[in-house]
Amino acid sequence: MAGTTFCDVPELYNILNQYTRLSRLPEFNYLCLIDTRAKGQYNASHIISARNTKYYQIAHPTLGSKYSAMECAEALTKSNRYPVQILKGGYRRFSALNPFFRTQNILHTIKELESLRPYTVELLSGQLYLGDYKQAINPHVLKDLKLSALVNVSEDTSHVLEKGNHTILHINVSDSVDADLYSSFERICVFIGSRLNTGSADEIFSSHRISRCSAAAMAFLLHHLKYTIGEAWEHVLQCKTNMRPNRGFVQQLSDWELHTLGRRMTDIAVPCY
1290 MAGTTFCDVP
1300 ELYNILNQYT
1310 RLSRLPEFNY
1320 LCLIDTRAKG
1330 QYNASHIISA
1340 RNTKYYQIAH
1350 PTLGSKYSAM
1360 ECAEALTKSN
1370 RYPVQILKGG
1380 YRRFSALNPF
1390 FRTQNILHTI
1400 KELESLRPYT
1410 VELLSGQLYL
1420 GDYKQAINPH
1430 VLKDLKLSAL
1440 VNVSEDTSHV
1450 LEKGNHTILH
1460 INVSDSVDAD
1470 LYSSFERICV
1480 FIGSRLNTGS
1490 ADEIFSSHRI
1500 SRCSAAAMAF
1510 LLHHLKYTIG
1520 EAWEHVLQCK
1530 TNMRPNRGFV
1540 QQLSDWELHT
1550 LGRRMTDIAV
1560 PCY
């Protein structure tokens, strides 16, 4: 029996927003999100892709019409290889922080789920996000997440980004092992730090939110939270499961670790880096 664990609101938010070319929600074995509230509450509003427990009473006859999330989770662990996660604060807290994930649709077709436009993933709750170019110019994303500052780590400095009421820092750099991102780490960290101190929500983005923006985000975590590369890597990877700075940026992060922490704490020769 796998047991149960707890899931924070930002963790579920990031799970819902994973994608490669399309959203990962249509994948059969990706996510099974169960809403244990009464049917009337579920029908009134629930999280996108969630299903009410009535769908699982046939497979799990011990589940009655009224039971807690904990009771449901414990019943489901008996037939699961992996831990069943219970959302802290439940639907009420999640929907209060992310009202744009509310829906009344009972069932979503695969096509509907594939057409969903994922939001930026959250690195620091309500403060720092990681995204791609399309998300950075999407007015709904900017409005819903209350983003007021953007860090563009790419070669695309299109004027379309200047149309909104946002402060933008452009870091013109290619996604190449020979590209110099290190010389911009200080500017990025000072910019984001100053914005966060004013209560601003910021987004770091690059073309595909895989290499450049991930490296920039880790540089900020090293500077702002005094993380090692290993700690920053694990944190960003938990939020964005396909992030991968190129080898050139990894070496520059090692140099930045030396600069910010006074010595190299992480062996970047380890295969995971």
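Residue 1437 in this note's numbering sits at position 148 of the sequence shown, with consecutive numbering throughout.
Cβ atoms here follow ideal geometry from the backbone N, Cα and C, with glycine treated the same way.
Assign Q1424 to one of two classes, buried (16 or more other C-beta atoms within 10 Å of its C-beta) or exposed (fewer than that).
-> buried
Is it the case that the Cβ atoms of C1502 and V1442 are separated by a distance below 7 angstroms?
-> yes
When we look at the beta-carbon of P1388 and count the other beta-carbons within 10 Å, is it buried (16 or more) or exposed?
-> exposed
Buried or exposed for F1480, please, with buried defined as at least 16 other CB atoms from any protein chain shown within 10 angstroms of its CB.
-> buried
Can you give me the start and stop residues for the alpha helix (DSSP H) that T1549 sits inside?
-> R1536 to L1550
Among M1532, Q1416 and D1445, which one has its Cα closest to the Cα of L1436?
-> Q1416
State the start and end residues of the unbroken alpha helix (DSSP H) segment that holds E1403.
-> I1399 to E1403
C1478 classed as buried or exposed, judged by whether at least 16 other C-beta atoms fall within 10 angstroms = buried
Of the listed residues L1314, H1512 and A1291, nearest to K1400 (C-alpha basis) | L1314
Under the three-state DSSP convention, the category R1370 falls into = coil
Buried or exposed (CB count within 10 angstroms, at least 16 for buried), M1507 | buried
Taking R1310 as the reference, which of G1519, T1555, S1496 and L1514 has the closest Cα?
-> S1496
Report, in whole angstroms, the separation of the C-beta atoms of C1361 and T1325, which I expect to be a contact under 8 angstroms.
-> 5 angstroms
Using CA coordinates, which residue listed in E1300, F1390, R1340 and H1397 is at the minimum distance from L1413?
-> E1300
Reduced DSSP secondary structure (H/G/I, E/B, other) of A1339 = coil
On the premise that V1539 lies in contact with Y1562, defined as a C-beta separation below 8 angstroms, what is that separation, rounded to the nearest angstrom?
-> 5 angstroms
Other residues of its chain near L1458: CB distance less than 6 angstroms, five sequence neighbours each side excluded | V1440 and F1480
Work out the CA separation of N1535 and D1563 for me, nearest whole Å.
-> Lying before the first or after the last residue shown, residue 1563 is absent from the chain, which here runs from 1290 to 1562.
Note down the Cα distance separating D1556 from G1519, rounded to an integer number of angstroms.
-> 9 angstroms
Identify whether H1524 lies in helix, strand or coil by the three-state DSSP scheme.
-> helix
Cα-Cα separation between Y1371 and T1409, rounded to whole angstroms = 27 angstroms
Going straight from the alpha carbon of L1431 to that of N1369, what length do you get?
-> 38 angstroms
S1543 versus V1462, I1426, Y1471 and G1488, residue with shortest Cα-Cα distance = Y1471
When every heavy atom of the ligand ADP is checked, does at least one fall within less than 6 angstroms of the C-beta of D1544?
-> Within the structure as shown, the ligand ADP is missing, as the structure has no ligands at all.
Return the chain-ordered list of same chain residues with a C-beta closer than 8 angstroms to the C-beta of T1549, the five sequence neighbours on each side being excluded.
-> L1511, H1512 and K1515
is_contact[K1515, chain B] using C-beta, thresh 7 angstroms = This model lacks chain B altogether, as it is built from one protein chain only.
Span separating the alpha-carbon of I1426 from that of E1363 | 43 angstroms
If you drop the 5 nearest sequence neighbours on each side, which residues of the same chain put their C-beta closer than 8 angstroms to that of A1490?
-> G1415, Q1416, L1417, Y1418, L1434, K1435, L1436, S1437 and A1438
Taking the DSSP output, what are the residues bridged to E1492?
-> Y1418 and L1439
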